[in-house]
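Report on the following structure.
In the working numbering, the protein residues as written are 144 to 340.
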């Protein structure tokens, strides 16, 4: 997971982790009730400009996000068939925007720094029996897993292309979910074994 952190320093690396996480939380709260596709698309364009302002590192990262499009579009088609296409368009645009934002934070913020910023906010939960350190790790992992899953989807797409000339379509969703569940089991086992040491 650490390999997905951009080691080449950009201006966004110099922004404090607290400011980036606060912005991510605030934008998430603002975006959730928005039901205007054009507004969400405008937000996506602004985030794209942030990627481009980071130079080649940001551009290559942005290009890498294309690997997630088939999965997101597949979810949109599924939702469109079950509910409405308008709602599906909203969901897809909102999801893309949030993935891009989370990826920006992940790419420019070390996990240890993310945990350090989150920990003080979770300390009050200790009075109800929750461990702030474990919770901060969980939050950091959720943010970190966005690009990890993106890389996983991309790898599976490349593996499919190497074996077949046909388009994968929705055929990658089942193995993707299976691999995601297997990965989460491995992460959980690693965390448990580390705690027991």
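We put the beta carbon where it would ideally sit given N, CA and C, even for glycine.
Practice task
Using three-state DSSP, classify residue 255 as helix, strand or coil.
Solution key: If DSSP states are grouped into helix, strand and coil, residue 255 belongs with the helices.
Practice task
Output the boundary residues of the alpha helix (DSSP H) element that contains residue 219.
Solution key: Its alpha helix (DSSP H) spans residues 212-225.
Problem - Rounded C-alpha distance that separates residue 144 from residue 183 - result: Caution applies to residue 144, whose pLDDT of 37 falls short of 50 and renders its modelled position unreliable; the value that the coordinates give is listed next. Spanning the two alpha carbons is a distance of roughly 29 Å.
Exercise for the section: Could you name the residues of the same chain whose beta carbon sits closer than 7 Å to that of residue 222, not counting the 5 residues immediately before and after it, in chain order? Expected result: Within the same chain, and ignoring the five residues on either side of residue 222 in sequence, the residues whose Cβ sits closer than 7 Å to its Cβ are 230, 231, 234.
Problem - Nearest to residue 185 (by Cα), restricted to the options 161, 237, 273 - result: When only C-alpha atoms are compared, the closest one is 237.
Problem - C-alpha distance - residue 323 paired with residue 288, whole-angstrom precision - result: Answer to the nearest angstrom: the Cα atoms are 10 Å apart.
Handout entry: residue 165 versus residue 153: straight-line alpha-carbon distance, rounded
Key = Per the coordinates, the alpha-carbon of residue 165 lies some 19 Å from the alpha-carbon of residue 153.
Exercise for the section: Could you give the DSSP three-state label for residue 177: helix, strand or coil? Expected result: Assignment of residue 177 by DSSP, reduced to helix, strand and coil, places it in the coil class.
Handout entry: At least three beta-carbon pairs within less than 8 Å, the region 243-254 to the region 201-209
Key = Judged by Cβ distances under 8 Å, the region 243-254 makes contact with the region 201-209, as three or more pairs qualify.
Problem - Of the residues 228, 256, 277, the one placed nearest residue 265, counting alpha carbons only - result: Just measuring C-alpha positions, the residue of 228, 256, 277 sitting nearest residue 265 is 277.
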